[in-house]
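The structure under discussion appears below in the form of structure tokens.
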Amino acid sequence: MKRVTQSNKLLSEIKKLVEESRQFIAKAINTQLLYTYWQVGKLIHEAELYEKLDDISVRQMLIELSKELTTDLGKGFSRSQLTYMRLFYLKFPVFNISSDTMTLGVTVSHQKKETGLTVSHQLSWSHYYEILKCNLEAEIRFYQHYAIKENWSVRELRRQIDAALFERNTLSENSRKLIKPESSKLNDTINIFKDPYVLEFLNIPENHLYNEKEFEQKIIDNLQSFILELGKGFAFIGRQYRITLNNTHFYLDLVFYHRILKCFVLIDLKVKNVKHQDIGQMNLYLNYFEAEQNVENDNPPIGIILTRYKDDVIVEYATRGISNNIFVSKYQLYLPDKKLLQKKVKEILDSEYPQSLT
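Residues in the sequence shown are numbered consecutively from 0, following numbering that gives the first Met the number 0.
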């Protein structure tokens, strides 16, 4: 028995060592690749400054460079790639590497610049390739931050950019309201929830008449995409969750648990206008879960009424005096007009931060 135990311990330690080593090597290779592309961008920019090239000349230089590098080094140096390497350096003038990061024989000195965006080795070159398609520095900073925080894949990052998450977040920042503003816990977590949610992945035609049952089924059929739209930390518990009170059955559409907030998140789906009875019913669900389902160390549950339409005045009066945490958020079934949103956001940023964010 002792020998078996010792053997298991040895196996576990070796596996742990190898896995950590692989992670370290992957991290180092990614960092080295980012640094190489950043340095290539720096060399290109310095050459154009030295030769005082205009935009047309820079374009021609990149075409010629691409041909030569592809011949000598192989794939990975197309004109498009070189363009983004140059942009990588211009948009991220700071490249810091932590002391615990191996650099494969390259000595990297920390940049002394105090302004500008900083490259993070937590993202891959493919992530930065997508982020660099954004125009505003504030937008680039936003997607870099959330791609790291939410551990987005390149595919998910691309989807969030296409869905104009930055613009929607910026425009809704001042209009999003709390049911209980004095609740410090909710104030700390307000940015976890969105208004509106974009559910284009459900592939419901804009003019299609659908009911709540069909809407729910579409979400279940696309649950992974729905959870990604909800954000980080959501774990699915169940659908049509039955609650029995006084021999009467109630059915809650969707139940999640948020592992970061450590609380249940209850979602009620509406395809028409939210009524005051809907808010009252959500309040009942929240009271039930706090009393009957919460265990030790669980925080009070949060309710989201996801609706196609809402009247802010009715929502305000229906929720006044309610102590539970309730969000009434709209959803839309198609991607927003991104150009229009970008125009509105730029107007906001130009008026509030004329120097730093554009």
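Every residue gets a Cβ at the ideal spot worked out from N, C-alpha and C, and that includes glycine.
**Q.** Assigned secondary structure, Asp220 (DSSP; H/G/I helix, E/B strand, else coil)
**A.** DSSP places Asp220 in the helix class (H, G or I) of the three-state scheme.
Q: Let me know the secondary structure DSSP gives Ser322 once reduced to three states.
A: coil
(Q) For Asn221 and Phe255, what's the separation of their Cα atoms in angstroms? (A) 15 Å
Q: Excluding the 5 residues preceding and the 5 following Thr69 in the sequence, name in chain order all residues of the same chain whose CB lies nearer than 6 Å to its CB.
A: Result list for Thr69: Phe76, in chain order.
(Q) Check this for me: beta carbons of Phe225 and Ile218, under 9 Å apart or not? (A) In contact: Phe225 and Ile218 (Cβ atoms closer than 9 Å).
Q. Under a three-way DSSP split, which group does Asn173 fall into?
A. Residue placement at Asn173 is poorly supported in this model, since its pLDDT is 40, which falls under 50; the coordinates are not used for a value here.
Q | Whole-angstrom C-beta distance between Glu291 and Pro300, which should lie under 8 Å | A | Taking the Cβ atoms as the reference, Pro300 lies roughly 11 Å from Glu291, outside the contact range of under 8 Å.
Q.
Suppose contacts are defined by Cβ-Cβ distances below 9 Å. Is His120 in contact with Thr35 by that definition?
A. no
Q) What span of residues does the beta strand (DSSP E) with Asn210 cover, start to end? A) Counting along the chain, no beta strand (DSSP E) covers Asn210, and no H or E run does either.
Q: Starting from Ile301, trace the beta strand (DSSP E) both ways and give me its first and last residue.
A: 301-308
(Q) Which same chain residues end up closer than 6 Å to Glu19 when comparing Cβ atoms and leaving out the 5 residues on each side of it in sequence? (A) none
Q) Which first and last residues belong to the beta strand (DSSP E) in which Tyr240 is found? A) 233-244
Q. By Cβ distance, which residues of its chain are closer than 6 Å to Glu211, with the 5 residues on each side in sequence left out?
A. Leu268, Val270
**Q.** Per DSSP, cross-strand counterpart(s) of Thr69
**A.** Thr69 pairs with nothing; no bridge assigned.
(Q) For a quick check, are the C-beta atoms of Ile303 and Phe192 less than 9 Å apart? (A) yes
Q. In this structure, what does DSSP give as the bridge partners for Ser328?
A. Leu305
Q | Integer Cβ distance of Ile242 from Leu229, believed to fall under 8 Å | A | Not confirmed; about 22 Å, so no contact.
Q | Residues that DSSP places opposite Cys133 in a beta bridge | A | DSSP output for Cys133 lists no bridge partner at all.
Q) Quick one, which of Leu122, Val327, Arg158 has its alpha-carbon nearest Lys148's? A) Leu122
Q. Between Arg238 and Leu253, what straight-line distance do the alpha-carbon atoms span, to the nearest angstrom?
A. 5 Å
Q: Take Tyr316 as the anchor and find which of Gln341, Val273, Glu213 has the nearest alpha-carbon.
A: Nearest option by C-alpha distance: Val273.
Q: State buried or exposed for Lys111, treating a residue as buried only when at least 16 other CB atoms are found within 10 Å of its CB.
A: Annotation note: pLDDT 40 at Lys111 (below 50); position unreliable, no value reported.
**Q.** Contacts around Asn134, its chain only, beta-carbon distance under 8 Å, and the 5 residues preceding and following it disregarded
**A.** Gln341
Q: Please determine, among Phe233, Arg307, Gln80, the residue with the shortest C-alpha to C-alpha distance to Val39.
A: Nearest of Phe233, Arg307, Gln80 to Val39, Cα basis: Gln80.
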